[in-house]
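J.: Can you keep this structure in mind? I'll have questions shortly.
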């Protein structure tokens, strides 16, 4: 389902599914350039997670390749229907009978643009949901690193949520973490768990990774699960690692280090309702207008007509 047209700051949060507790796992990676090598590495960790009893398994952003050179990237791009990595992961989800959330793959969206696309694969191997990263990371960092995600990738336009057996899952990817309106919209659409697969840089991760993920969990009363890239990659890029599973109160249930591996935690959907009853900020939210000196303006979440 999409939340773009239904969520509003004046709509009470819908109840999330409150099913049985389940085990979730995050796969931390150090993705290289070779798609085949990355699929092999991810698959080994996914099998390990399933062996530990996880029924929801998430991999990081850019699971398929960490190729930043635009020409080299487009040389290995495939459309979704013919993407070999996606086909391999669909077969693995069906074999293990798990919900496999591939944090993102670079897929061909047009002749000149890719999509940074997340896939939720059902236990029968079908695609249960897909989400294209909305916010593009375009920045010049003080240490000299330059990132221009929009040079190769087309931004998405739809917020997405999908139902797991026990809870509703909201989708985000990496830089989306810095845009809390997206997380609020997902929570108002009934998400009780939000995924943030990422490839956070070392410098920004050290400063903001933990505090932003915990804040998003606290603000929404959601579990937040963020599988991360970690370490120094083949192309020289340094990512922060520290994959996190956070509960709706903001507590850290599990955390990775900087090396590739698997972390797991039990997700109890009943905690979502309990926390939201204790801090009902989703239902207490109200519309408001923003007035600036010399002119009137409205926040982007307020309807153009200013209806109550």
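Residue numbers (the working numbering): 41 to 348. Every residue gets a Cβ at the ideal spot worked out from N, C-alpha and C, and that includes glycine.
(1) Near residue 278, what residues of its chain come up, given a Cβ to Cβ distance below 6 Å and the 5 sequence neighbours on each side ignored?
(2) Helix, strand or coil for residue 278? Go by DSSP, reduced to three states.
(3) Assuming the contact rule is C-beta atoms closer than 8 Å, residue 162 and residue 168 should be a hit. Round their C-beta distance to whole Å, please.
(4) Roughly how many whole angstroms lie between the Cα atoms of residue 308 and residue 82?
(5) What is the residue span of the beta strand (DSSP E) that residue 324 lies within?
(6) For the structure I just gave you, are there three or more beta carbon pairs, one from the segment 203-215 and one from the segment 167-181, closer than 8 Å?
(7) Using alpha carbons as the reference points, say which of 198, 205, 158 lies closest to residue 225.
(8) Give every residue of the same chain whose Cβ lies closer than 7 Å to the Cβ of residue 288, excluding the five residues on either side of it in the sequence, and list them in chain order.
(9) Hey, could you find the ends of the beta strand (DSSP E) residue 68 is sitting in?
(10) Can you tell me the Cβ-Cβ gap for residue 268 and residue 296, rounded? I've got them flagged as a contact below 8 Å.
(11) Could you check what DSSP says for residue 269 in three-state terms: helix, strand or coil?
(12) In chain order, what residues of the same chain have a beta carbon less than 6 Å from the beta carbon of residue 306, not counting five sequence neighbours either side?
(13) Buried or exposed: which applies to residue 228, given that a residue is buried once 16 or more other Cβ atoms fall within 10 Å of its Cβ?
(14) Start and end of the alpha helix (DSSP H) containing residue 148?
(15) Please tell me whether residue 194 and residue 153 are closer than 7 Å, where the distance is taken between their beta carbons.
(16) Measuring CB to CB, does residue 93 end up less than 7 Å from residue 130?
(17) With burial defined as no fewer than 16 other Cβ atoms inside 10 Å of the residue's Cβ, what is the status of residue 184: buried or exposed?
(18) CB residue 245 to CB residue 280, shorter than 7 Å?
(19) Bridge partners of residue 215, per DSSP?
(20) Inspect the beta-carbon positions of residue 143 and residue 99 and report whether they are closer than 7 Å.
(21) Terminal residues of the continuous beta strand (DSSP E) containing residue 284?
(22) Tell me the rounded alpha-carbon separation between residue 215 and residue 233.
T.: Checking against the coordinates, here is how it stands:
(1) Along the chain shown, read from residue 1 onward, the residue named residue 278 stands at position 238. So the qualifying residues of the chain are 242, 272.
(2) As a first step, residue 278 is located in the chain shown; it is residue number 238 there, counting from the start. Reduced to three states, the DSSP call for residue 278 is strand.
(3) To locate residue 162, count along the chain shown from 1; it is residue 122. To locate residue 168, count along the chain shown from 1; it is residue 128. That pair is a contact at about 4 Å.
(4) Residue mapping note: residue 308 aligns to position 268 of the chain shown, counting from 1. Residue mapping note: residue 82 aligns to position 42 of the chain shown, counting from 1. CA-to-CA, the gap between residue 308 and residue 82 works out to about 26 Å.
(5) The residue given as residue 324 occupies position 284 in the chain shown. Where residue 324 is concerned, there is no enclosing beta strand (DSSP E), although the alpha helix (DSSP H) it sits in stretches over 321-324.
(6) A contact between stretches requires three or more CB pairs, one per stretch, nearer than 8 Å, and the segment 203-215 meets this requirement with the segment 167-181.
(7) For the purposes of this step, residue 225 is taken as residue 185 along the chain shown, with counting starting at 1. If you compare the alpha carbons of 198, 205, 158 with that of residue 225, the shortest gap goes to 198.
(8) Your numbering for residue 288 matches position 248 in the chain shown. The residues are 257, 261, 262, 263, 311, 312, 315.
(9) Along the chain shown, one-based indexing puts residue 68 at 28. From DSSP, the beta strand (DSSP E) with residue 68 extends over 62-68.
(10) Translated into positions along the chain shown, residue 268 becomes position 228. Translated into positions along the chain shown, residue 296 becomes position 256. Contact flag correct, Cβ pair sits at about 7 Å.
(11) For the purposes of this step, residue 269 is taken as residue 229 along the chain shown, with counting starting at 1. The answer is strand: DSSP assigns residue 269 an E or B state.
(12) Locating residue 306 in the chain shown gives position 266, counting from the first residue. Excluding sequence neighbours, residue 306 sits near 61, 63.
(13) To locate residue 228, count along the chain shown from 1; it is residue 188. Taking all protein chains shown into account, residue 228 has 16 or more neighbouring C-beta atoms within 10 Å of its C-beta and is therefore buried.
(14) By one-based count along the chain shown, residue 148 stands at place 108. Under the DSSP assignment, residue 148 falls outside any alpha helix (DSSP H), being part of the beta strand (DSSP E) whose first and last residues are 139-148.
(15) Against the chain shown, residue 194 aligns to sequence position 154. Against the chain shown, residue 153 aligns to sequence position 113. Using a Cβ distance threshold of 7 Å, residue 194 and residue 153 count as a contacting pair.
(16) Position 53 of the chain shown holds residue 93. Position 90 of the chain shown holds residue 130. No, they are not a contact pair.
(17) What you label residue 184 is simply residue 144 of the chain shown in a count that begins at 1. Around the beta carbon of residue 184, fewer than 16 other beta carbons sit within 10 angstroms, so the residue counts as exposed.
(18) To locate residue 245, count along the chain shown from 1; it is residue 205. To locate residue 280, count along the chain shown from 1; it is residue 240. Result yes, Cβ atoms of residue 245 and residue 280 sit closer than 7 Å.
(19) Position 175 of the chain shown, counted from the first residue, corresponds to residue 215. In the DSSP secondary-structure assignment, residue 215 is not bridged to any residue.
(20) One-based indexing of the chain shown puts residue 143 at position 103. One-based indexing of the chain shown puts residue 99 at position 59. Against a cut-off of 7 Å, the Cβ pair of residue 99 and residue 143 comes out as a contact.
(21) Taking the first residue of the chain shown as position 1, residue 284 is located at position 244. In this chain, the beta strand (DSSP E) harbouring residue 284 covers 284-286.
(22) Position 175 of the chain shown, counted from the start, is the residue given in the question as residue 215. Position 193 of the chain shown, counted from the start, is the residue given in the question as residue 233. Approximately 18 Å between the Cα atoms of the pair.
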